[in-house]
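Asker: I'd like to ask some things about the structure below.
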Amino acid sequence: MFSHLEPLPADPILGLSALFKADTNPEKVDLGVGVYKTAEGNTPIMRSIQEAFNRLAKTEGSKVYIAPTGWPGFTDAALDLSLGAPLVHALEGQLGAIQTPGGCGALRLGFELVNHAAPGTTVWVSNPTWANHVPTLKAAGLDSKVYRYYDRATTSIDIEGMLEDLKGAKAGDLVLLHASCHNPTGADLNDDEWDRVIELIGERGLVPFLDMAYQGFAQGLEADAGPLRRAFEKLPEAVLSYSCSKNFGLYRERTGALVVKSQGKDAAKALTTNLARIARENYSMPPSHGAALMTTVMQDEALRADWVAELGEMRDRVNTLRRTLADSLTQKGYGEQFGAVGRQTGMFSLLNLTPEQVASVQKDKSIYFPANGRINVAGLTEANIPYVADAIAGVM
C-alpha cells in the first residue's frame, strides 16, 4: 500500500528552522517561523497563562472528554473578545460557535461546512496570502481564485484592484479576509477600505470568511476587532476563524474557535450541530488544556487585566522593532523599498527582495527567512537589527 510513496520536500518555513539550528555562525538570525520572541530569543508562557496553569493543576480533577463544542465558557470568551458582548447579544440566535484545534482547525471546519452547505463554492484569496490557506481549502473540497491585494512595487495595498477582482465573484462565493495583521505582508486595510470591501460583499451577495489570528497585535484588541464586527453586523452571513496561538501564546496547545452567522431557521442550533458532526468525523473531541487556560484568564478580572497588559507590551515591542529596522534601512538609502515596514502591523512583513537576494543573505550572513522575502519581525532584536540591515543593504 505505501511502498510507492516518495519523501516530500521539507516545508519551506519549517525546513529553514532545521537549517538555522545546524548553522554554527554565532551571529545567525532566525526570521522564519512565525512565533513571538523576546529580546533573548525565547517564546515565553504569558504571566496570566502560567497562573491559570497553576490554578488548573490544582482544580481540574479529571481528563475525561469535553463536549464536542468545547471547554465550558470558551466559545463565550472567544465571542466576547472577537465580536464583543453588545453585538453577540444583538445576534442572539444567529451565531453558531465551536472550539477547534487551533486556527488551522477552525479554517478546515469552516471550509468543510461551506462545502457541505454549498458544494463547489469558490473561495477568493488575497495575493499573497498565508501559505496554508489554499492547501486547507482544497483539502476540504473547495476551489480558489485570487484577488489582487499587495503591490510589491509600491509596498502598498492595491485596493482598486482588489475591488475590481471581487466584482467578478458570483453570488455565494466566499471571500477569505485577514481580519488584522495580514500574513505575509503586514499591510492592513484602513477603515475606509474595509467599508468599501464590506459594502461590495453585501452588494454582490458574497460571504466573508475572516481569519483572525493576531487580535491585539496591530492597534489593540478593540481596534483590531472593528472590521470584523462591522462585517458581522452588516452582512447576513459571515464566518470567523479565531486563533489563540499568538495573542495568548498557546501555540502548541492548538486553541481556536469557529464562529458562523446565518439567517436560517434555528440558525444557532443548526450551525452548531452541523459543526459538531463535522468535528466528530475529523477528530471527535477538541483538546481541552489551552481552552481551559484561556477561559480561566478571561473569567478572572485580575488575570484578564494582566493578559491585556502583557499583550500590549508584546505589541509595542514588535512595533518598535518595525520602526527601528525601517529607520536603519532608510538611513542607508533604501527608505523607498523598506520604509513601509515601519507602518505595517503584526509580526510579518514582505521585504522587497528577490529569491536570489534572500538566498545570498542566508548563505553569507546566516539570516534565515523564506524565499518570498517574508520576515518574522519578532525575530529581530535591538542588538541584531544593525547586522540584519547591513546584510539587506549589502544585496541591494
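The numbers in the working numbering rise by one with no breaks, and the one at position 275 of the sequence shown is 275. All C-beta atoms in this analysis are idealised placements derived from N, C-alpha and C, irrespective of residue type, glycine included. All figures in this text were calculated on a predicted structure; none of them were measured in a lab.
1) Let me know if Glu237 comes out buried or exposed under the rule of 16 or more other beta-carbons within 10 Å of its beta-carbon.
2) Would you mind working out which of Ser48, Ala267, Trp130 sits nearest Pro184, comparing C-alpha positions?
3) Looking at C-beta atoms only, is the number of pairs between the stretch 131-147 and the stretch 187-200 that lie closer than 8 Å three or more?
4) In terms of residues, what are the limits of the alpha helix (DSSP H) holding Gln50?
5) Helix, strand or coil for Lys21, going by three-state DSSP, please let me know.
6) Measuring CA to CA, which of Asn384, Ile367, Arg343, Asp364 is closest to Thr155?
7) Tell me the residue span of the beta strand (DSSP E) that contains Tyr387.
8) Check for me: the alpha helix (DSSP H) holding Gln331 runs from which residue to which?
9) What did DSSP end up calling Asp158 once you bin it into helix, strand or coil?
10) Would you mind stating whether Tyr36 and Met396 have Cβ atoms separated by less than 7 Å?
11) Can you tell me whether Gly120 is buried or exposed? The criterion is at least 16 other CB atoms within 10 Å of its CB, across all chains shown.
12) Quick check on the burial criterion: 16 or more other C-beta atoms within 10 angstroms. Buried or exposed for Asn398?
13) Helix, strand or coil for Ile66? Go by DSSP, reduced to three states.
14) Could you compute how far the alpha carbon of Pro370 sits from the alpha carbon of Gly333?
15) Going by DSSP in three states, Leu351 sits in which element: helix, strand or coil?
16) In the DSSP output, what is Arg148 paired with across the bridge?
17) Run through DSSP, which three-state label would Asp191 get?
18) Pull up the distance between the alpha-carbon of Leu353 and that of Phe20, whole angstroms please.
19) Near Leu206, what residues of its chain come up, given a Cβ to Cβ distance below 6 Å and the 5 sequence neighbours on each side ignored?
20) Under 8 Å: do the stretch 323-342 and the stretch 7-17 share three or more Cβ pairs, one atom per stretch?
21) Could you tell me how far apart the beta carbons of Lys261 and Leu91 are, in whole angstroms, since I believe they sit closer than 8 Å?
22) Would you call Ser349 buried or exposed, if buried means 16 or more other Cβ atoms sit within 10 Å of its Cβ?
23) Comparing C-alpha positions only, which one of Thr273, Ile392, Ala225, Gly249 sits nearest to Pro44?
24) Hey, quick one: how far does the alpha helix (DSSP H) through Ser82 stretch, first residue to last?
25) If you compare alpha carbons, which of Glu233, Gly161, Pro7 is closest to Gly202?
26) Using a Cβ-Cβ cutoff of less than 7 Å, which residues in the same chain neighbour Thr100 once the five nearest sequence positions on both sides are dropped?
27) To the nearest angstrom, how far is it from the Cα of Leu87 to the Cα of Val134?
28) Kindly indicate which residue of Met294, Ala231, Leu221 has the alpha-carbon position closest to the one of Pro72.
29) Is it true that the CB of Ala292 sits closer than 7 Å to the CB of Leu81?
30) Which of the three DSSP states is assigned to Asn282 in this structure?
Answerer: Inspection of the coordinates gives the following:
1) One-based indexing of the sequence shown puts residue 237 at position 237. Here Glu237 is buried: its Cβ has 16 or more other Cβ atoms, across all protein chains shown, within 10 Å.
2) As a working mapping, residue 184 is identified with position 184 in the sequence shown. Checked all of Ser48, Ala267, Trp130; the closest Cα to Pro184 is Trp130.
3) Segments in contact, no.
4) Residue numbering aside, residue 50 sits at position 50 when the sequence shown is read from its first letter. Gln50 -> alpha helix (DSSP H) spans 47-59.
5) Translated into the one-based positions of the sequence shown, residue 21 becomes position 21. In the three-state DSSP reduction, Lys21 falls in the helix class (H, G or I).
6) Within the sequence shown, residue 155 is the residue found at index 155, counting from 1. The residue among Asn384, Ile367, Arg343, Asp364 with its C-alpha nearest the C-alpha of Thr155 is Arg343.
7) In the sequence shown, the residue the question calls residue 387 occupies position 387. Under the DSSP assignment, Tyr387 falls outside any beta strand (DSSP E), being part of the alpha helix (DSSP H) whose first and last residues are 385-394.
8) By one-based count along the sequence shown, residue 331 stands at place 331. Run containing Gln331: 301-331, per the alpha helix (DSSP H) assignment.
9) Taking the sequence shown and counting its residues from 1, one reaches residue 158 at position 158. In the structure shown, Asp158 sits in coil (DSSP, three-state: anything other than H, G, I, E or B).
10) In the sequence shown, the residue the question calls residue 36 occupies position 36. In the sequence shown, the residue the question calls residue 396 occupies position 396. Result no, Cβ atoms of Tyr36 and Met396 do not sit closer than 7 Å.
11) The count along the sequence shown starts at 1 and reaches residue 120 at position 120. An exposed status is given to Gly120, since fewer than 16 other beta-carbon atoms sit within 10 Å of its beta-carbon.
12) Outside the displayed span of the chain (1 to 396) sits residue 398, for which this structure offers no information.
13) The sequence position of residue 66 within the sequence shown is 66, counting from 1. Coil.
14) For the purposes of this step, residue 370 is taken as residue 370 along the sequence shown, with counting starting at 1. For the purposes of this step, residue 333 is taken as residue 333 along the sequence shown, with counting starting at 1. So the two alpha carbons sit approximately 24 Å from each other.
15) Translated into positions along the sequence shown, residue 351 becomes position 351. Reduced to three states, the DSSP call for Leu351 is coil.
16) Sequence index remark: in the sequence shown, residue 148 carries index 148 (1-based). The partner list for Arg148 (beta bridge, DSSP) reads Asn127.
17) Taking the first residue of the sequence shown as position 1, residue 191 is located at position 191. The answer is helix: DSSP assigns Asp191 an H, G or I state.
18) Taking the first residue of the sequence shown as 1, we reach residue 353 at position 353. Taking the first residue of the sequence shown as 1, we reach residue 20 at position 20. Taken atom to atom, the span from the alpha-carbon of Leu353 to that of Phe20 is near 20 Å.
19) On the sequence shown, residue 206 is found 206 positions in, with the first residue counted as 1. Its chain contains Ala169, Asp173, Val175 as the residues whose beta carbon lies nearer than 6 Å to that of Leu206, once the 5 sequence neighbours on both sides are disregarded; these appear in chain order.
20) Counting Cβ pairs under 8 Å, fewer than three are found: no touch.
21) Position 261 of the sequence shown, counting from 1, holds the residue named residue 261. Position 91 of the sequence shown, counting from 1, holds the residue named residue 91. With 8 Å as the limit, Lys261 and Leu91 qualify as a contact, their Cβ atoms being about 6 Å apart.
22) Taking the first residue of the sequence shown as position 1, residue 349 is located at position 349. With a 10 Å radius around the Cβ and a threshold of 16 neighbouring Cβ atoms, Ser349 comes out buried.
23) As a working note, residue 44 is residue 44 in the sequence shown. Out of Thr273, Ile392, Ala225, Gly249, the CA that lies nearest to the CA of Pro44 is found in Gly249.
24) Within the sequence shown, numbered from 1, the residue matching residue 82 stands at position 82. Counting along the chain, the alpha helix (DSSP H) containing Ser82 begins and ends at 74-82.
25) The residue labelled residue 202 in the question sits at position 202 within the sequence shown. Minimum Cα-Cα distance from Gly202 among the listed residues Glu233, Gly161, Pro7 corresponds to Glu233.
26) The residue you call residue 100 lines up with position 100 of the sequence shown. Scanning its chain for C-beta atoms nearer than 7 Å, with the 5 sequence neighbours on each side dropped, one finds around Thr100 the residues Ala106, Leu109, Gly256, Ala257, Leu258, Pro286, in chain order.
27) As a working note, residue 87 is residue 87 in the sequence shown. As a working note, residue 134 is residue 134 in the sequence shown. About 30 Å.
28) For this step, residue 72 is matched to residue 72 along the sequence shown. It is Met294.
29) Counting from one through the sequence shown, the residue named residue 81 turns up at place 81. Counting from one through the sequence shown, the residue named residue 292 turns up at place 292. No; because the gap between Cβ atoms is not below 7 Å, this pair is not in contact.
30) Against the sequence shown, residue 282 aligns to sequence position 282. Annotated three-state conformation of Asn282 is helix, per DSSP.
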